[in-house]
Amino acid sequence: MVLRPPRAFVRFRGTLRFCSIAVHRNEEPGFADDIWSAFYTFVEMVTGDLPWRGMDRSKVEECKTTVGKDVMVGCPKDTVIIYKHLRKLNYFKTPDYKLIMDTFAGMVLKAKKGGTLKGPYDWEPKGAFYKHIRDRSERIAQAMGESTEDEIDEKVVVESTQPQTLQEARDVATEFGEEEDEGPSLTLQEARDVATEFGEEEDEGPSLVGGHSKEDSTFQDVDRHQHTSTMDV
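Here full-length UniProt numbering is used: the first residue of the sequence shown is 1, the next is one more, and so on.
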């Protein structure tokens with residue numbers, strides 16, 4: 001595969017909440033930038049929020065740059081494996097997709113406590129929340145008169161994940177059994193100790209190219225590729 005030389009300036013295209021630091025800086029997005037977006041999406045799904053949510057564009061970039069490892073607080077401990085891998089990538093380096101997929105899958109299986117990735121989604125028949133969702137959709141359908149269950153299911157799926165009454169909350173707890181809630185795995189202190197866990201290398205923060213360590217060879221790679229392209233012409 002031939003990778004085209006990165007453009008000097010790229011117009012911003014993406015979602016503020018999930019895009020990589022490189023995209024904020026109008027740099028050429030590469031393979032790693034897609035994984036950064038997936039990483040931020042995963043963190044939000046696990047913790048329910050991201051530190052920069054609701055900020056304007058300039059503040060979002062600043063927050064992503066400064067928050068560092070703390071963004072993973074509340075996530076499974078294996079999240080740091082993906083984070084550390086992404087920090088080593090740049091435009092010219094291909095992500096280790098197997099490492100990333102295996103890590104994601106491992107965290108999901110641990111959360112499901114020996115379950116499988118092939119089971120139904122929560123809102124599908126036999127899914128964990130299916131009965132709870134259908135019961136609410138039936139009540140809302142009756143209240144709305146002529147509306148059918150299917151017409152309102154999409155809204156109900158979102159609303160139903162947050163029980164509105166104490167009894168509904170107890171019903172959900174009963175439906176899931178008496179499993180102990182282990183709480184978040186990664187504490188603030190553990191997030192800040194990631195560097196120690198993976199060795200004593202200093203995390204200098206994202207550079208101006210690709211959101212990676214200032215010691216990587218990205219600048220040299222860019223110059224070399226641009227020089228080669230000029231000679232070819």
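For glycine and all other residues, C-beta sits at the position ideal for the given N, C-alpha and C.
Asked: Cβ-based burial, T79 [other Cβ within 10 Å; buried from 16]; Found: buried
Asked: Span of the alpha helix (DSSP H), counted from its first residue to its last, around W36; Found: F31 to T47
Asked: Secondary structure of E28, DSSP reduced to three states; Found: coil
Asked: Every unbroken alpha helix (DSSP H) inside the stretch 73-132 [4 residues or more]; Found: 79-87 and 97-111
Asked: Residue nearest to residue 237 in terms of C-alpha spacing, selected from W36, M72 and C75; Found: What is shown of the chain runs 1 to 233, which leaves residue 237 out entirely.
Asked: C-beta atoms of T47 and C19 nearer than 8 angstroms; Found: no
Asked: Exposure label - A32; buried when at least 16 CB within 10 Å; Found: buried
Asked: N- and C-terminal bounds of the alpha helix (DSSP H) containing V60; Found: R57 to V67
Asked: Burial state of P29 (16 or more Cβ within 10 Å); Found: buried
Asked: Cβ neighbour criterion (16 or more within 10 Å) applied to L50; Found: buried
Asked: Candidates P5, D96 and E62, of which the one nearest L16 by Cα; Found: E62
Asked: Coarse secondary structure for A8, derived from DSSP in three states; Found: coil
Asked: Own chain residues within Cβ distance below 8 angstroms of H85, not counting five before or after; Found: P95, D96, L99 and I100
Asked: Where I17 falls: helix, strand or coil (DSSP); Found: The sequence given here places Arg at residue 17; Ile does not occur at that position. Residue state, collapsed to three classes: coil.
Asked: Simplified DSSP assignment, three categories, for V2; Found: coil
Asked: Beta-carbon spacing of F39, N26 below 8 angstroms; Found: no
Asked: With 16 other Cβ atoms within 10 Å as the buried cut-off, status of F9; Found: exposed
Asked: Backbone CA spacing between V71 and P5 [nearest angstrom]; Found: 32 angstroms
Asked: R134 - DSSP class collapsed to helix/strand/coil; Found: helix
Asked: Local Cβ density within 10 Å of A105, reported as buried at 16 or more and exposed below that; Found: exposed
Asked: Classification of residue 293 by the beta-carbon crowding that lies within 10 angstroms, buried from 16 upward; Found: With the chain represented from 1 up to 233, any question about residue 293 goes unanswered, as that position is not in the structure.
Asked: Same chain, Cβ closer than 7 angstroms to R53, five either side skipped, listed in chain order; Found: R17
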